[in-house]
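Student: First the structure, then my questions, so here it is.
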Amino acid sequence: MNVTLEQIVSLAKRRGFVFPGSEIYGGLAGTFDYGPHGVTLKKNIENLWWRMFVEERDDMFGIDSAILMNSRVWETSGHVGGFNDPLVIDQKTNKRYRADHLLEDAGVDPTGMSLEQMGAAIAEKALKSPEGNALSQPQQFNMMFKTSVGSVEGGEMPVYLRPETAQGMFVNFKNVQDSLHPKLPFGIAQIGKSFRNEIAPREFVFRVRELEIMELEYFLREEDWEEMFEYWRKEMHTWFNLIGLTPEDINEVEVSAEERAHYSKRTTDFYFKFPGGFKELGGLAYRTDYDLSKHAEATGEDLSYLDPETNTRTIPHVIEPTLGVGRTLLAVLTAAYREDDLGGEVRTYLALPAKLAPVKAMVSPLLRNKPELVAKAREVRALLKKVHPAIAWDDNGNIGKRYLAQDEIGTPFCVTVDYQTLEDQSVTVRHRDDANQIRVDASQLAMYLRDAMKQ
Ligand code: GAP
44 MNVTLEQIVS LAKRRGFVFP GSEIYGGLAG TFDYGPHGVT LKKNIENLWW RMFVEERDDM
104 FGIDSAILMN SRVWETSGHV GGFNDPLVID QKTNKRYRAD HLLEDAGVDP TGMSLEQMGA
164 AIAEKALKSP EGNALSQPQQ FNMMFKTSVG SVEGGEMPVY LRPETAQGMF VNFKNVQDSL
224 HPKLPFGIAQ IGKSFRNEIA PREFVFRVRE LEIMELEYFL REEDWEEMFE YWRKEMHTWF
284 NLIGLTPEDI NEVEVSAEER AHYSKRTTDF YFKFPGGFKE LGGLAYRTDY DLSKHAEATG
344 EDLSYLDPET NTRTIPHVIE PTLGVGRTLL AVLTAAYRED DLGGEVRTYL ALPAKLAPVK
404 AMVSPLLRNK PELVAKAREV RALLKKVHPA IAWDDNGNIG KRYLAQDEIG TPFCVTVDYQ
464 TLEDQSVTVR HRDDANQIRV DASQLAMYLR DAMKQ
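Sequential numbering of the sequence shown, starting at 44, is according to this note's numbering.
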């Protein structure tokens, strides 16, 4: 269905998925806090990514590198000089806006425009700030957060909060090679926080200042890059399918030479049909040997690979599949959001793939004031939790309300203990998507749910 961002933001807040950051202090733009169901959904996404891209492969090595790195890393990578967005300032309020976004909103394509050309286009269209005031000339704005380390007064050293996780993989290339001796092609992967001082954070978790990235650097021989690019393109689609995104909702966009990052010789972006239209969810870049060569040059370290077949040394080339965790979570919520008619009432539910659902099943007694039903339901839940840990308990309100609450969280099954359970040990299992109920023997429940979750 065509869900709006407002519907997702509202559900995310009322059901404990995502809250605005620092809310009771009036918030902090571009930050969000993940609530109990949000953090579980996020971890389920990350664990699935880790399983598919790291654990199920013999050629992938996971790391977790520091957020703070020697600032020379960012000079070498080109981020100090070039990780910029075009900024214009409202001359009256001093508020900052993205020049390219204002142009896009006015129907002008800013792709490939220089700062001067953007300034000319803004003047030609007589564009004003959203408050209706005159704008400054566009200027470059570096998106890295700068801070300092040091315990001696006046002796601080400037450092940046990393804007991408990739450099942690490049600076550890030699460590991974020396400690695990992998043969080409092989990859280094990580999931971690990154920080970008976005001029205009917007659209919920789509554009934030504190984000998480899941990405890997796949090191290979230069002559293999085209074949490997195609291979990783297919792997990205396998991933989208695994998390319940349908092919019709994914578009591939070839990034033009003017729009590509400075290190890339080819980039394909994967756009997802978010509320409001297709936008970038992830990317696949051929980074050549740019990063390793630059780091080798800057440090004097040998970052080459000794090919055991030819006994020659080369700097490996790199293909990088990358995904934002927050954007993936937003895509998963968008794809799962449903409304239907249940007994004459509009019902909202999340048709989440069972492997991602924060709660796998909810167990409850039909009536909360009947101790024999409560005791039996607790026993059923305790048994189930031994096999499926994420089993919720709910004995609030009436059973209908409990079901609807679980539907909005995306819980695939609700298990109810009633008087018949006391007689024949069977419980009812209600399926989320069609709200159908069947009776299952309590001793078979764990197996039943395991099989049903595979479908
Ligand atoms: N190492 C390559 C790299 O960082 P990127 O396209 O700049 O590439 C990777 O970022 C992914 O991170 C993007 O595809 C997007 O999903 C996500 N992302 C980028 N900026 C973001 C932001 N401000 N808020 C949320 N997610 C963001």
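The beta-carbon is built from N, C-alpha and C at its ideal position, and this holds for glycine as well.
Small disclaimer: the values here were computed from a predicted structure and weren't measured.
At which residue ranges does the segment 118–179 contain complete beta strand (DSSP E) runs of 3 or more residues, listed in the order of the chain?
Tutor: The segment 118–179 contains these whole beta strand (DSSP E) runs: 127–132 and 139–141.
Student: Considering H360, what are the terminal residues of the beta strand (DSSP E) in which it resides?
Tutor: Taken as a continuous stretch (DSSP letters only), the beta strand (DSSP E) holding H360 covers H360 to G367.
Student: Just to confirm before moving on: does the CB-CB distance between S114 and V202 stay below 9 Å?
Tutor: Yes; because the gap between Cβ atoms is below 9 Å, this pair is in contact.
Student: Please report how far the alpha carbon of G235 lies from the alpha carbon of D267, in whole angstroms.
Tutor: Between G235 and D267, the C-alpha separation is close to 28 Å.
Student: Rounded to the nearest angstrom, what separates K217 and H338 at their Cα positions?
Tutor: C-alpha separation (whole angstroms): 11 Å.
Student: Would you say the segment 453–463 touches the segment 393–412, given that touching needs at least three Cβ pairs under 8 Å?
Tutor: Counting Cβ pairs under 8 Å, three or more are found: they touch.
Student: Below 9 Å between beta carbons: does that hold for T377 and F315?
Tutor: In contact: T377 and F315 (Cβ atoms closer than 9 Å).
Student: Check whether the Cβ atoms of V361 and F238 sit closer than 9 Å, and answer yes or no.
Tutor: Against a cut-off of 9 Å, the Cβ pair of F238 and V361 comes out as no contact.
Student: How many whole angstroms separate the CB atoms of F75 and V251, which I take to be in contact at a CB cut-off of 8 Å?
Tutor: With a Cβ gap of about 6 Å, F75 and V251 count as contacting.
Student: From I165 to N240, what does the alpha carbon distance come to, in whole angstroms?
Tutor: Taking the straight line from one Cα to the other gives about 23 Å.
Student: For K485, which of E422, P432 and R475 has the nearest alpha-carbon?
Tutor: Looking at the sequence provided, one finds Ala at residue 485 rather than Lys. Nearest option by C-alpha distance: E422.
Student: Would you check if the distance between the CB atom of L71 and the CB atom of G64 is smaller than 9 Å?
Tutor: Yes, these two residues count as a Cβ contact at 9 Å.
Student: Buried or exposed for D450, going by 16 or more other Cβ atoms inside 10 Å?
Tutor: That one is buried.
Student: Along the chain, where does the beta strand (DSSP E) containing F317 start, and where does it finish?
Tutor: Segment R309 to F317, the beta strand (DSSP E) holding F317.
Student: Enumerate in chain order the residues of its own chain whose CB-to-CB distance from V52 is below 6 Å, with the five nearest sequence positions on each side excluded.
Tutor: Cβ within range, chain order: F247.
Student: Mind checking who V192 pairs with in its DSSP beta bridge?
Tutor: V192 pairs with M200.
Student: Would I110 pass as a contact of I231 if the rule is Cβ separation under 9 Å?
Tutor: No.
Student: Exposed or buried, which one is T493 when buried takes at least 16 other CB atoms within 10 Å?
Tutor: Here residue 493 is Arg; the residue named in the question, Thr, does not match the sequence. It counts as exposed.
Student: Say yes only if the C-beta of D312 is nearer than 8 Å to one or more non-hydrogen atoms of the ligand GAP, and no if none qualify.
Tutor: The answer is yes for D312.
Student: Counting C-beta neighbours from all protein chains within 10 Å, is the total for I88 16 or more, i.e. buried, or is it exposed?
Tutor: Per the 10 Å Cβ criterion, buried.
Student: My assumption, with CB atoms under 8 Å, is that I242 sits in contact with L130. Please give the rounded CB distance.
Tutor: Rounded, the Cβ-Cβ distance is 5 Å, consistent with contact.
Student: Does DSSP put S407 in a helix, a strand or coil?
Tutor: Note: S407 maps to strand in three-state DSSP.
Student: By alpha-carbon positions, which one of R482, Y392 and Y329 ends up nearest to Q463?
Tutor: Nearest C-alpha to Q463: R482.
Student: Which residue wins for smallest C-alpha separation from H224, given the options G387, D101, D476 and L91?
Tutor: Of the listed residues, the one whose Cα sits closest to H224 is D101.
Student: I'd like to confirm something about R139: is its beta-carbon nearer than 8 Å to some heavy atom of the ligand GAP, or not?
Tutor: Answer for R139: no, Cβ out of range of the ligand GAP.
Student: Taking the alpha carbon of E295 as the reference point, which residue from F313, N185, P181 and D437 has its own alpha carbon closest?
Tutor: Closest by alpha carbon: F313.
Student: Just checking my contact of L122 with P206 at CB under 8 Å: how many whole Å lie between their CB atoms?
Tutor: Here the sequence assigns His to residue 122, which means Leu is not the residue at that position. Between P206 and H122 the Cβ distance is about 6 Å, and since that is below 8 Å, they are a contact.
Student: Tell me, please, whether the CB atom of E89 is closer than 9 Å to any CB atom in chain D?
Tutor: Here chain D cannot be found, since the structure has a single protein chain.
Student: What does the Cβ neighbour count give for S407, buried or exposed, with the cut at 16 atoms within 10 Å?
Tutor: Result: buried.
Student: Using C-beta distances below 6 Å, list every residue in its chain close to L324, excluding the 5 sequence neighbours before and after it, in chain order.
Tutor: The answer, listed in chain order, is F313, F315, R370 and A374.
Student: Tell me whether G369 counts as near the ligand GAP, meaning its Cβ is closer than 8 Å to at least one heavy atom of that ligand.
Tutor: Yes - the ligand GAP has a heavy atom lying nearer than 8 Å to the Cβ of G369.
Student: Got a sec, what are the start and stop residues for the alpha helix (DSSP H) V524 sits in?
Tutor: Residue 524 lies beyond the residue range present for the chain, which begins at 44 and ends at 498; the question has no answer from this structure.
Student: Under three-state DSSP, which class holds H338?
Tutor: Helix at H338.
Student: For a test of the three-state rule: what should DSSP assign to H431, helix, strand or coil?
Tutor: The answer is coil: DSSP assigns H431 none of H, G, I, E or B.
Student: Got a sec, what are the start and stop residues for the alpha helix (DSSP H) E66 sits in?
Tutor: Looking at the DSSP string, E66 is not in any alpha helix (DSSP H), and its letter there is neither H nor E.
Student: Can you give the Cα-Cα distance for A209 and L259, rounded to whole angstroms?
Tutor: Near 7 Å, if we compare the C-alpha coordinates of L259 and A209.
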